[in-house]
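Colleague:
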Amino acid sequence: MIKKILYVLIAALVIIQFIRPKQNVSAGPFTNDVSTKFAVNDNVASILKQSCYDCHSNNTVYPWYANVQPVTWWLQDHVNEGKKELNFSEFATYTAKRQRKKFNEIMDEVKEGKMPLPSYTWIHKKAILTAEQKAALYKWCEESLAILPPAEPSQQSDNNKTSAK
């Protein structure tokens with residue numbers, strides 16, 4: 183009986199290898215990329231590429247294990263959720279209000295160590311942000327916020343609270 187169950191499990195694992203989600207791989211340039219609207223220096227671009235873009239852009243660099251099911255489904259779910267929350271490849275399409283919100287969220291998430299996700303940095307050690315990289319991202323977000331159109335009065339008080347942190 184155990185032998186039959188084992189055969190069924192092996193067969194199921196083999197079969198699911200052929201059921202693959204569409205990968206998040208697109209050729210650039212991305213006309214709505216964050217860099218088309220906001221200055222992104224080489225240092226920040228490198229940080230974003232190394233620590234953010236796999237989940238927050240239209241182009242993910244997949245590791246070898248992304249070809250093994252059910253890992254692929256789990257990874258693709260993370261990528262889809264990440265892009266839904268923030269997509270640097272489509273950032274220029276966001277309203278000024280949403281861009282402001284996203285820059286503030288980036289500062290908060292990075293400062294609190296919530297991003298990149300521990301489940302990502304566990305495998306991708308180079309994605310772990312140093313204090314200098316966090317400071318560079320924070321500064322970039324503040325500079326980008328400064329060029330956005332003035333916020334509505336209620337948003338201005340929210341931004342002041344964020345920058346006072």
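Residue 266 in the working numbering is what sits at position 84 of the sequence shown, and the numbering runs on without skipping anything. Beta carbons are placed, not taken as given, at the ideal position from N, Cα and C, and that holds for glycine.
By the three-class DSSP mapping on this structure, what secondary structure does lysine 293 have?
Modeller: Correct three-state label for lysine 293: helix.
Colleague: Once the 5 residues before and after valine 253 are set aside, which same chain residues still bring their CB inside 7 Å of it?
Modeller: So the qualifying residues of the chain are Tyr247.
Colleague: Quick check: what's the CA-CA separation for glutamine 205 versus serine 239?
Modeller: Looking at the two C-alpha atoms, the distance is approximately 12 Å.
Colleague: Mind reading off the beta-carbon distance from isoleucine 201 to glutamine 251? Whole number of angstroms is fine, and I expect it under 8 Å.
Modeller: About 7 Å separates the two Cβ atoms, so the contact holds.
Colleague: What do you reckon, are the CB atoms on asparagine 241 and valine 216 nearer than 8 Å?
Modeller: Taking 8 Å as the Cβ cut-off, asparagine 241 and valine 216 do not qualify as a contacting pair.
Colleague: Compare the beta carbon distance of leucine 311 and valine 292 with 8 Å and say whether it is the shorter of the two.
Modeller: Result yes, Cβ atoms of leucine 311 and valine 292 sit closer than 8 Å.
Colleague: Which term fits proline 298, buried or exposed, when burial requires 16 or more other beta carbons within 10 angstroms of its beta carbon?
Modeller: Under this definition proline 298 is a buried residue.
Colleague: With DSSP as the reference, label glutamine 199 as helix, strand or coil.
Modeller: It is coil, neither helix nor strand.
Colleague: From the DSSP output, in three-state form, read off tryptophan 304 for me.
Modeller: In the structure shown, tryptophan 304 sits in coil (DSSP, three-state: anything other than H, G, I, E or B).
Colleague: What is the residue span of the alpha helix (DSSP H) that leucine 327 lies within?
Modeller: Element bounds for leucine 327: 313-329.
Colleague: How many whole angstroms separate the CB atoms of alanine 274 and proline 331, which I take to be in contact at a CB cut-off of 8 Å?
Modeller: So it is not a contact: roughly 14 Å between Cβ atoms.
Colleague: In angstroms with no decimal places, state the Cα-to-Cα distance between phenylalanine 270 and tyrosine 235.
Modeller: Whole-angstrom Cα-Cα distance: 7 Å.
Colleague: Going along the chain, which residues of its own chain have a beta-carbon closer than 7 Å to the beta-carbon of alanine 318, five neighbours each way excluded?
Modeller: Around alanine 318: Asn225, Val226, Ile229.
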